[in-house]
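In the working numbering, the protein residues as written are 6 to 615.
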């Protein structure tokens, strides 16, 4: 699909389509539609391409997906962003864009359903429509449920009940799954039966929580379960999505840029540097340059650049999230950075600096000087010193102006304290420095390791939109944990623990005998009582770090307030997440433009908290 999608988009530029218009600002384009109707009856697949392509806007929205939770902070200041502060309102541009992008994709999908009866295209469009509604229901709750193509200036779209939307989605997805023309699995970026099952599993799990549980204390995160049937349905769909795939490849290999489309991948949004027809410098996405600290001017340091300045770097909790022996730490974060030579004020790239890790052999890397080396929080000083002594030939400080980093160092990352050693010219270490983690973060430079899940070894030395890695949306270990959560809430702890242990075992960790045998590796207050659900959420944090699911996970499981109060730097109490009337912001606000333009919605339809 990689080259197909670009060709399809080029074809669409010649045709006017009401589906391309902003859902919130619909206008009567019926005459224009008549010009395109004949084209799309014959080329419905081109319209389907637009539906697929529209999701690029959504899967790259990291701020609304991950901020306002427990795993990320702003590495260069005390302000962790609007979504972490919970001070956004119905005028917020990011919220409005998410709403618009979802309905844009939904309308494209509805257009396909209007223009073709081809069973496979219908199944794919049905999946894409319901994927849009999945995002909408998780962020906004009940929304207008539109299942027909918008071709007129009608503005009459009442807000539907969440139960009705979930019912419609699950019915659609079951019919989609049963479509014989869909392949069991697909690694080209198109819909398969297992992708449908994965979306159905997440939809059923969300429906089970939203409709089958009642929140009893938002600060304590307590709830009652009054219906387990939908949890069992979610588990069944998750098993179909897993499709018997065992977690046998290493976590490192799973996320290797050389291993895209591996057996664990279920569905991805795909990019192709070679096939991109425009300016390749900015034709990709930016996930490679997010989820990291600030490393200075990338052209001068040779470290990965970021336009954001490091707004999604490791939180204090995330610094201690991984247990000793957990291979996911090294598989998620870049822990060693090489120090490239400076020539005429510019460093080498590709086979030097940050990307040397991917483009050189182990023997070649062993000869490269190290700029920065991060050790996880559980590392002892003795262990770090022994390791540094073993690579003494690489821990060398160079004269100012000759290499990217004039002050190379190694450090142990802790939630309370950082232990740091700067390098000397002869490879020895300067005296140990200890400083608070807060002060280390405030210093700004290299205060958090980079996430490497999305690294593209062919990227240019820029700060955005030059990553052409496929964006994995659904994968097997995610479904293992979806199944675990569903089994747990369906009161089947043995089945839940089996799924969790499969994920942990692949990461190099021993099996847990029971939920109660788990002890969180990070610090918690005396008022924070661990529950079995916390284990599920911790495993999701470790397994799916930087995959844009965290806020959604905490909202779904009714832990959003509890986790923010306990772990978020920006939140001290529930009042920080409420409006002046004491309503908690469990959902995003319905955008003001929707309230103003939709004749079937009023201010009474706004979500609580706004």
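Each residue gets a CB set at the ideal place from its N, CA and C atoms; glycine is no exception.
- prompt: If we count the other Cβ atoms within 10 Å of its Cβ and call it buried at 16 or more, is residue 444 buried or exposed?
  reply: exposed
message: Here's a check: name, in chain order, each residue in its chain whose Cβ is nearer than 6 Å to the Cβ of residue 171, leaving out the five neighbours to either side.
response: Excluding residues within five positions, the ones whose Cβ falls inside 6 Å are 212.
field: Limits of the beta strand (DSSP E) - the one that residue 600 falls within
entry: First-last for residue 600: 597-602, but that is the alpha helix (DSSP H), not the beta strand (DSSP E).
message: Rounded to whole angstroms, what is the Cα-Cα separation between residue 31 and residue 475?
response: For residue 31, the predicted model reports a pLDDT of 40, less than 50, meaning its position is unreliable; a value from the coordinates is still stated below. Roughly 32 Å between the two C-alpha positions.
message: According to DSSP, is residue 426 part of a helix, a strand, or is it coil?
response: strand
query: Going by DSSP, which residues form a beta bridge with residue 229?
result: 219
query: Straight-line CA distance for residue 235 to residue 510?
result: 28 Å
message: Considering Cα atoms alone, identify which of 290, 490, 333 is closest to residue 210.
response: 490
Exposure of residue 279, with buried meaning 16 or more beta-carbon neighbours within 10 Å: exposed
message: Could you give the first and the last residue of the continuous beta strand (DSSP E) run that contains residue 380?
response: 375-380
task: For residue 480, write down the residues that DSSP places opposite it in a beta bridge.
output: 270
message: On the CB-based measure, 16 or more other CB atoms within 10 Å of its CB, does residue 84 come out buried or exposed?
response: exposed
message: Please state the DSSP three-state secondary structure of residue 308.
response: coil
message: Between the alpha carbons of residue 265 and residue 588, how many angstroms are there, rounded?
response: Computed Cα separation, rounded: 44 Å.
task: State buried or exposed for residue 435, treating a residue as buried only when at least 16 other CB atoms are found within 10 Å of its CB.
output: exposed
message: Could you check whether residue 422 and residue 438 sit closer than 8 Å to each other, using their CB atoms as the reference points?
response: no
- request: Taking 8 Å as the cut-off, decide whether the C-beta atoms of residue 420 and residue 550 are in contact.
  value: No, the pair does not count as a contact, with Cβ atoms beyond the cut-off.
message: Can you confirm whether the segment 375-383 touches the segment 279-291 when touching is taken to mean that 3 or more C-beta pairs between the two stretches lie within less than 8 Å?
response: no
field: Environment of residue 290 [buried if 16+ CB atoms lie within 10 Å]
entry: buried
query: Do residue 238 and residue 229 come within 8 Å of each other at the CB atom, strictly closer than that value?
result: no
task: Quick one: which unbroken beta strand (DSSP E) runs of 3-plus residues sit fully inside the segment 489-545? Chain order, please.
output: none
task: May I have the straight-line CA-CA distance separating residue 26 from residue 109, to the nearest angstrom?
output: Residue placement at residue 26 is flagged as unreliable, the pLDDT there being 37, under the threshold of 50; a coordinate-derived value is accordingly withheld.
task: To the nearest angstrom, report how far apart residue 141 and residue 150 are at their CA atoms.
output: 10 Å
field: Which residues DSSP lists as bridging residue 290, in chain order
entry: Checking the DSSP bridge columns, you'll see residue 290 partnered with 472.
message: From the DSSP secondary-structure annotation, give me the bridge partner or partners of residue 348.
response: 351
field: Contact set for residue 462: own chain, Cβ-Cβ below 6 Å, skip 5 residues either direction
entry: 262, 360, 363, 364
message: My assumption, with CB atoms under 8 Å, is that residue 428 sits in contact with residue 402. Please give the rounded CB distance.
response: Confirmed, about 5 Å.
message: Spatial neighbours of residue 356 within its chain, please: C-beta separation below 7 Å, excluding the five flanking residues on both sides.
response: 364, 365
- prompt: Just how far apart, CA to CA, sit residue 254 and residue 512?
  reply: If you take the alpha carbons of residue 254 and residue 512, they lie about 10 Å apart.
message: Can you find the residues in the same chain that come closer than 8 Å, C-beta to C-beta, to residue 252, ignoring five residues on each side of it along the sequence?
response: 269, 481, 482, 485, 507, 508, 510, 511
task: Taking the CB atoms as reference points, tell me whether residue 240 and residue 181 lie closer together than 8 Å.
output: no
task: Identify the continuous alpha helix (DSSP H) that holds residue 241 and give its terminal residues.
output: 234-247
Which of helix, strand or coil DSSP assigns to residue 30: Note that residue 30 has pLDDT 44, beneath the 50 cutoff, so the model's placement of it is unreliable and no number is given.
query: Does the separation of the CB atoms of residue 581 and residue 91 fall below 8 Å?
result: Cβ atoms of residue 581 and residue 91: closer than 8 Å.
task: Output the distance between the C-alpha atoms of residue 388 and residue 314, rounded to the nearest integer angstrom.
output: 31 Å
- prompt: Going by beta carbon distance, what residues of the same chain come within less than 7 Å of residue 53, once the five residues before and after it are set aside?
  reply: The residues are 117, 126, 129, 130.
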